[in-house]
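Asker: So that you can map any letter, position 61 of the sequence shown is 416 in the working numbering, and since no number is skipped, the others follow by simple counting.
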Amino acid sequence: MRRTISFIAVFTFAFCLVAVAAEEPKKEVMVYVTKDGKKYHLADCRYVKDKKDLTEYTVTEAKKKGLEACKVCKPPEEPQENKKSEKEKQ
């Protein structure tokens, strides 16, 4: 009986480890910058919404380039999970 319980416990633990390892890696929120911009924006921000010549970055990339978050659309200032950006939906 104890062997059966131990086997079930080990099997369950192993299954949980495999399930966690198989999860899709988290994607960062994508932000957008105009050609000469010094700030990064969310896709629906009024400063980039209808612009065509935009560069797409993750928040981490934007921060590494010395860009600041827009004070209007208020994108995250630290990396966060992406819930599918507006640009991906189009």
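Backbone N, C-alpha and C define an ideal beta-carbon position, used for all residues, glycine too.
Can the beta-carbon of residue 394 be found closer than 8 Å to that of residue 425?
Answerer: yes
Asker: Which two residues bound the contiguous alpha helix (DSSP H) that contains residue 416?
Answerer: 414-419
Asker: Looking only at C-alpha atoms, which of 382, 387 and 399 sits nearest to residue 422?
Answerer: 387
Asker: Between the C-alpha atoms of residue 383 and residue 405, what's the straight-line distance to the nearest angstrom?
Answerer: 23 Å
Asker: Is the CB-CB distance between residue 403 and residue 434 below 8 Å?
Answerer: Not a contact, by the Cβ cut-off of 8 Å.
Asker: Since residue 408 contacts residue 390 with CB under 8 Å, what's their CB separation in whole angstroms?
Answerer: 5 Å
Asker: Three-state secondary structure (DSSP) at residue 423?
Answerer: Reduced to three states, the DSSP call for residue 423 is strand.
Asker: Which same chain residues end up closer than 6 Å to residue 412 when comparing Cβ atoms and leaving out the 5 residues on each side of it in sequence?
Answerer: 386
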